[in-house]
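Per our numbering: the sequence shown = residues -4 to 258.
The beta-carbon is built from N, C-alpha and C at its ideal position, and this holds for glycine as well.
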Amino acid sequence: MQYFDASTRADEVVPVDLIAAVVDRLMPHVDGLVLIGAVARDLLGAIAGDLPVQRATHDLDVAVAVRTMGQYRTASATIDPTGREPHFQLGGTQVDIVPFGAVVTDSHVLFDNDFRLDVTGLADALASPVTVRLRPEVVVPVASLAAQSVLKLLAWRDRRFDTHARDAVDLGFLLEASSSGEYADEVWADEHALAACDFDFFSAGAFRLGRQARAGMSDSTLQAVVDLTADESSMWSLVRDVGGIRSLRANMLAAYRRGLAAS
-4 MQYFDASTRA DEVVPVDLIA AVVDRLMPHV DGLVLIGAVA RDLLGAIAGD LPVQRATHDL
56 DVAVAVRTMG QYRTASATID PTGREPHFQL GGTQVDIVPF GAVVTDSHVL FDNDFRLDVT
116 GLADALASPV TVRLRPEVVV PVASLAAQSV LKLLAWRDRR FDTHARDAVD LGFLLEASSS
176 GEYADEVWAD EHALAACDFD FFSAGAFRLG RQARAGMSDS TLQAVVDLTA DESSMWSLVR
236 DVGGIRSLRA NMLAAYRRGL AAS
């Protein structure tokens, strides 16, 4: 899926006015941007995947490609000149603006307040976004379901003890979405994924998502994911944290890992 029209439901699910304002302000000052986080999850998981919205949120996360932190600060000042990076406010709503690109050292960005953030996977998300129509006049780039799955996997690795495993729950949601709604026909058409999962439809969707994630990863992102998913202790913890019907999501997670390993 490279394009999705969410215009019939977007205003019910995500803050379209906020998204439009933020994208319009940032775009002239950055080398590229892509929506990530809860808004991306709900656009491609809840709307495209036709699943119930998991957690209502009005916050917005945007990843921006920049060459310098000066460029980043010029861009973020159009949203909130007094914000504490990477957290800003627009109209009373939090907007997290995450830089990547030439400002990255050893997969991290260092902010002036000495906050160090791992941005692995953001360049991959920008390289193959889904173009989503929110209204006839509002079209935005959104991290694909596959790219989001990688970002959630790595976020869980880094902050699972700080966020009560919320990222794992989101990953489980994305795995469920991979065989639902707009994605269902794609799974039925993927004979390789179905055969690899003994024709378990839901596992085939997750396998396919893992395979797509691998295809879209840079070498550095792939290494980070391989290191994590090869650690069986971490994977047992992830199965525990994904929530939902454990047997279903455990099977989907196992299929997703096989998809990640598929060449």
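> If you run the structure through DSSP and keep just helix, strand and coil, what is H53?
Replying inline: As a first step, residue 53 must be located in the sequence shown, where it is residue number 58. H53: coil per DSSP, three-state reduction.
>> Looking only at its chain, what residues have a beta carbon closer than 6 Å to the beta carbon of S215, apart from the 5 residues adjacent to it on each side?
In response: Counted from its first residue, the sequence shown places residue 215 at position 220. Cβ within range, chain order: n/a, list empty.
> In chain order, which beta strand (DSSP E) runs of at least 3 residues are fully inside the stretch 60 to 130?
Replying inline: 82 to 85, 88 to 96, 103 to 105, 111 to 113 and 125 to 130
> DSSP on L263, reduced to helix/strand/coil?
Replying inline: Any question about residue 263 goes unanswered here, given that the chain covers just -4 to 258.
>> Given a cut-off of 8 Å on the beta-carbon distance, is the pair T115 and L166 in contact?
In response: Numbered from its first residue, the sequence shown carries residue 115 at position 120. Numbered from its first residue, the sequence shown carries residue 166 at position 171. For the 8 Å CB-CB criterion, T115 and L166 do not form a contact.
> Which same chain residues, not among the five before or five after L201, have their C-beta less than 6 Å away from its C-beta?
Replying inline: Looking up residue 201 in the sequence shown gives position 206. A small correction: the amino acid at residue 201 is Ala; Leu does not occupy that position in the sequence shown. Cβ neighbours of A201 beyond the five flanking positions: L170, S173, M247, A250 and Y251.
> Going straight from the alpha carbon of A225 to that of F197, what length do you get?
Replying inline: As a working mapping, residue 225 is identified with position 230 in the sequence shown. As a working mapping, residue 197 is identified with position 202 in the sequence shown. Annotation: A225 to F197 spans about 23 Å, alpha carbon to alpha carbon.
> Counting Cβ pairs, one atom from each stretch, are 3 or more of them under 8 Å apart for the stretch 24 to 32 and the stretch 52 to 68?
Replying inline: yes
>> Is the separation between the beta-carbon of V93 and that of L112 shorter than 8 Å?
In response: Here residue 93 is taken as the residue at index 98 of the sequence shown, counted from 1. Here residue 112 is taken as the residue at index 117 of the sequence shown, counted from 1. The Cβ-Cβ distance between V93 and L112 falls below 8 Å.
>> Taking its Cβ as the centre, do 16 or more other Cβ atoms sit within 10 Å of R79, making it buried, or is it exposed?
In response: Mapped onto the sequence shown, residue 79 falls at position 84. Per the 10 Å Cβ criterion, exposed.
> Using 8 Å as the Cβ pair cut-off and three pairs as the minimum, do the stretch 1 to 20 and the stretch 125 to 141 touch?
Replying inline: Enough Cβ pairs lie closer than 8 Å, so yes.
>> Buried or exposed for S213, going by 16 or more other Cβ atoms inside 10 Å?
In response: If you number the sequence shown from 1, residue 213 lands on position 218. S213 should be labelled exposed.
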